[in-house]
Amino acid sequence: MTSGKADIIAALQKEILSLQGYKAEGDTAVVNVGLEPITRSFPNAVFPTGTIHELLTEAPEHTAASGGFMAALLSAFMQQGGVCLWISTSRRFFPAAFKAFGVEPDRFIFVDLHREKEVLWTIEECLKCRGLAAVIADLAEISFTQSRRLQLAAEQSNVTAFILRTNPRKLNQIASTAQWRIRPLPSQLEEGLPGVGFPRWKVELLKVRNGQPGKWELEWSLGQFVVLPEHAAPVISDPPKRKVG
Amino acid sequence: MGKRYVTIWFRHLVTDWMTRRQPELQEIPFVFATNVHGRIEITAANKAAESQGIVTGMRVADAKAVFPALKVLDNRPGLEQKLLKVLGEWCIRYTPVVAVDLPDGLILDVSGCAHLWGGEHDYLKEILTKFSAYGYDVRVGMADTIGAAWAIAHYGNVYPVIASGEQTTALLSLHPAALRLDTAILVRLHKLGFHKIASFANMPRSALRRRFGETLLTRLGQALGQEEEFIQPIYINPPYQERLNCLEPIRTATGIEIAIERLLQVLCKRLETEGKGLRTAVLKCYRVDNKIVQAEIGTSRASHHVAHLYKLFELKIPSIEPALGIELFVLEVTKAEDVTQQQEELWAAAPGLEEAGIAELLDRIAGKVGADAIRRFLPAERYWPERSIRLAASMQDKPESGWRLDRPRPVMLLPTPEAIEVTAPIPDYPPMLFRYRGKLHQIKKADGPERIEREWWLDGGEHRDYYMVEDEAGQRYWLFRSGHYTADHRHQWFIHGFFA
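Taken in order, these protein sequences are the chains called H and S. Counting from 1 along the first sequence, just add 485 to a position and that's the residue number in this note's numbering. Counting from 1 along the second sequence, just add 188 to a position and that's the residue number in this note's numbering.
In structure tokens form, the structure reads like this:
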């Protein structure tokens, strides 16, 4: 009897997930991003694709860290030779650096625009194109309605979008599946060695739909993510504080 | 109905063309010449030169002995063919079947055409007048066979028209060269005393074949109409153009949409059957007030995909102003290319840069915001950071060399380095602390220096010594010092990027 109830609850949960834009397992190819403990925070323990991920940054140092983290994630998306579009109004990313994160920089197509309005139109067009591996956009301000529109387009085509929100004037809620914040951490080398080590980040999953938020410390070394052991267990954090207004 | 042919012989094709381009050459003897086995031979001479006794095949040195002021121009290979093709296309006005007869003639199949100009005489007169008005010195001939028409044009001296069925009598009095024979056969005929076609036309065929070969019999048969001769007519590609007339002037966006869709459907069907694709196209809208509104589209690769092309035009519809109404739409393909057929993938790999869907997406973006907004970068084999990447010329452009991994580069690179204040201990050591935008950063770890020299052949100035540094918060920067430490002037430090 109890197992029957559990089954019903599991089935209902799945139904709710599908209503909220999650594809059922086996429906789409699972992208293995190599983030074992982090993916457990997501529903079904699968890194969500075909949705919007939101990355919050405050300073250029954080933007650079987010860029590195994103490129490392994209290496999993672009493994079979996919193409990414990078849409931005003020691009400072240096393509040659992405090679260190396991992606071919010539597989990025940059669209450098002048107005944010054009950025929104372009993202939507890109999200309607099934042939893309992912879409990255540099966009500070976006309203909930606009993000919802993008989310619907992404669900249709199963293209994943990463929106990089650099220092937005108003941190409003948008229809994203996950909200990340990536900050650099001091790198560590073996005892006594001079110099700068592999990039390390403090990865915070501030908000995740139907999942568990958490904080981790990551290192990108030798072409893969290494979750640093002392913080491996997800810590349930307070919901992110939002500016009202 | 019997066949009728006209041949046009351009006696000075190349030189007449030159005179047309440079009228001042009209009275001056000039020749075209080319190098044949070390001696310079004349390939074409104009009328003035011929009147001095200079003919084709002469050496330039001999010709100059005859006429020292002779102007010699370089021969252009393939020019005759090009000229004849253009002239042949123009001759389509006289008959739909026109063939090029190298090196200096055109063959027109005029069966059933001459009466439209009021008879064969007037027809030929029209052709002659038109060409001489253009400045071309032509001779024409008309007969039932190509061979006879050619003979009468080149060797006839009375009247250029051979009446139907009269070619045998007309040809008999002509020189054997009128049969379009090789020089070797002509020499042999001359040796044997055959100075007229009549002298051998009635000889037994076997005897002729044994002595002169099959060619003579074929040419004779073709001229007399006993053997068929085939020509390869010039084919003119009809332009990719579609028109749509409107009964009522169109004034709404919906109307324009329907018009574009209909035009595209017809046009793309034709492009598809011919294996062509559209690269650029123009939609011309003729308005009631006699103004023409245009909308242009372009694609990054040839396409005959209606839905895609329609989307590109859709972006342009707001710029089409109908005013009082549009009464005629003309869709014209200004550039068409062969479509590369894509093979269906047997199993779905992640699509790459060659994917048609991405090309169409980029076309749409280019149509909306301009093609220069779309950039892709390839590695350039240079150390100077700003020049170490270059723009890719196209989506198919492949990197010539691999991306380098041995030298760390920042994820974010400032477009221009920004000056910072530093405290650095001694030469060649990284700074201990630096101030960037009013904030003090204590440096805990550092790598470097990596010296990058300027490309002195492009710009002068100091080299840069780059350091990758990490501050107490773990933020990583790319700093550099410009130039050497010297006693007399201060060396400036800059920040150039942020590492991930």
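Ideal Cβ positions, reconstructed from N, Cα and C, are used throughout, including at glycine.
| query | result |
| --- | --- |
| Name the residues in the region 614 to 633 of chain S whose C-beta lies less than 8 Å from a C-beta of chain H; which are they? | Lys-632, Lys-633 |
| Give the straight-line distance between the Cα atoms of Ala-249(S) and Phe-198(S), rounded to the nearest whole angstrom. | 26 Å |
| Any contact between the region 215 to 223 of chain S and the region 347 to 362 of chain S? By contact I mean 3 or more CB pairs, one from each, below 8 Å. | no |
| Just the chain S side, please: which residues come within less than 7 Å of Arg-615(H) by C-beta, in chain order? | Gly-545 |
| Rounded to whole angstroms, what is the Cα-Cα separation between Trp-205(S) and Asp-297(S)? | 25 Å |
| Quick one: what's got a C-beta closer than 8 Å to Phe-565(S)'s C-beta in the same chain, skipping five residues either side? | Ile-577, Arg-578, Leu-579, Ala-580 |
| To the nearest angstrom, how far is the alpha carbon of Ala-537(S) from that of Trp-571(H)? | The predicted model places Ala-537(S) with a pLDDT of 48, which falls under 50 and marks its position as unreliable; any figure quoted below should be read in that light. Rounded to the nearest angstrom, the two C-alpha atoms are 22 Å apart. |
| Please determine, among Phe-218(S), Gly-226(S), Gly-266(S), Val-610(S), the residue with the shortest C-alpha to C-alpha distance to Thr-244(S). | Phe-218(S) |
| Measuring CB to CB, does Tyr-343(S) end up less than 7 Å from Ala-366(S)? | yes |
| Determine the closest residue to Leu-451(S) out of Leu-519(S), Phe-418(S), His-309(S), with distance taken between C-alpha atoms. | Leu-519(S) |
| Which whole-angstrom value is the C-beta distance of Val-620(H) and Ala-660(H), which I expect to be below 8 Å? | The pair is not a contact, with the Cβ atoms about 15 Å apart (cut-off 8 Å). |
| Using 7 Å as the limit for Cβ to Cβ distance, is Gly-662(S) near chain H? | yes |
| Leaving aside the five residues before and after Thr-335(S) along the sequence, list all residues of the same chain whose C-beta is less than 6 Å from its C-beta, in chain order. | Correcting the residue type first, residue 335(S) is Gly in the shown sequence and not Thr. If we look at Gly-335(S) and ignore the five residues flanking it on each side, its Cβ neighbours are Gln-410, Ala-411. |
| Do Ile-667(H) and Ser-551(H) have their C-beta atoms within less than 7 Å of each other? | yes |
| For chain S, check one thing: does any of its Cβ atoms lie closer than 7 Å to the Cβ of Glu-546(H)? | yes |
| Is the region 543 to 557 of chain S close to the region 486 to 497 of chain S, with three or more CB pairs under 8 Å? | yes |
| For Leu-598(H), return the contacting residues in chain S, with the cut-off set at a CB-CB distance below 8 Å. | Val-557, Ala-561 |
| Under 8 Å: do the region 378 to 397 of chain S and the region 267 to 285 of chain S share three or more Cβ pairs, one atom per stretch? | no |
| Taking beta-carbon pairs under 7 Å, can you tell me which members of the region 670 to 702 of chain H lie near chain S? | Leu-670, Pro-671, Ser-672, Gly-680, Val-681, Pro-684, Arg-685 |
| Put Lys-384(S) into one of helix, strand or coil per three-state DSSP. | coil |
| Considering Cα atoms alone, identify which of Ala-491(H), Lys-490(H), Ala-496(H), Val-518(H) is closest to Val-712(H). | Val-518(H) |
| Counting only the same chain and skipping the five closest in sequence on each side, list residues whose C-beta sits under 7 Å from that of Gly-463(S). | Asp-526, Val-527 |
| Give a yes or no on whether 7 Å exceeds the smallest Cβ distance from Phe-578(H) to chain S. | yes |
| Measure the C-alpha to C-alpha separation of Tyr-571(S) and Leu-267(S) and round it to an integer number of angstroms. | 49 Å |
| Which of the three DSSP states is assigned to Gln-709(H) in this structure? | strand |
| Thinking just about the alpha-carbon of each residue, which of Leu-471(S), Phe-501(S), Ile-562(S), Arg-439(S) is nearest to the one in Pro-510(S)? | Arg-439(S) |
| Going by other Cβ atoms of all chains shown within 10 Å of its Cβ, with 16 needed for buried, is Phe-683(H) buried or exposed? | exposed |
| Pull up the distance between the alpha-carbon of Glu-533(S) and that of Glu-543(S), whole angstroms please. | Note that Glu-533(S) has pLDDT 48, beneath the 50 cutoff, so the model's placement of it is unreliable and no number is given. |
| Between Met-555(H) and the rest of its own chain, which residues show a CB-CB distance below 8 Å, the 5 nearest in sequence each way excluded? | Leu-540, Ile-621, Phe-647, Leu-649 |
| Quick check: Val-596(H) and Ala-561(S), are their CB atoms within less than 7 Å of each other? | yes |
| In or out: Ser-589(S) buried (at least 16 other Cβ within 10 Å) or exposed? | exposed |
| From the DSSP output, read off the bridge partner residues of Ala-411(S). | Ala-411(S) pairs with nothing; no bridge assigned. |
| Between which two residues does the alpha helix (DSSP H) containing Leu-497(S) stretch? | 494 to 504 |
| Along the region 606 to 632 of chain H, what residues have a CB closer than 9 Å to any CB found in chain S? | Trp-606, Thr-607, Glu-610, Cys-611, Lys-613, Cys-614, Arg-615, Gly-616, Leu-617, Ala-618 |
| Against Ala-550(H), what residues of chain S qualify as contacts under a CB-to-CB distance less than 7 Å, listed in chain order? | Ala-688 |
| Leaving out the 5 sequence neighbours to the left and right, which residues in its chain are closer than 8 Å to Phe-686(S) when beta-carbon positions are compared? | Pro-598, Val-599, Met-600, Gln-663, Arg-664, Tyr-665, Trp-666 |
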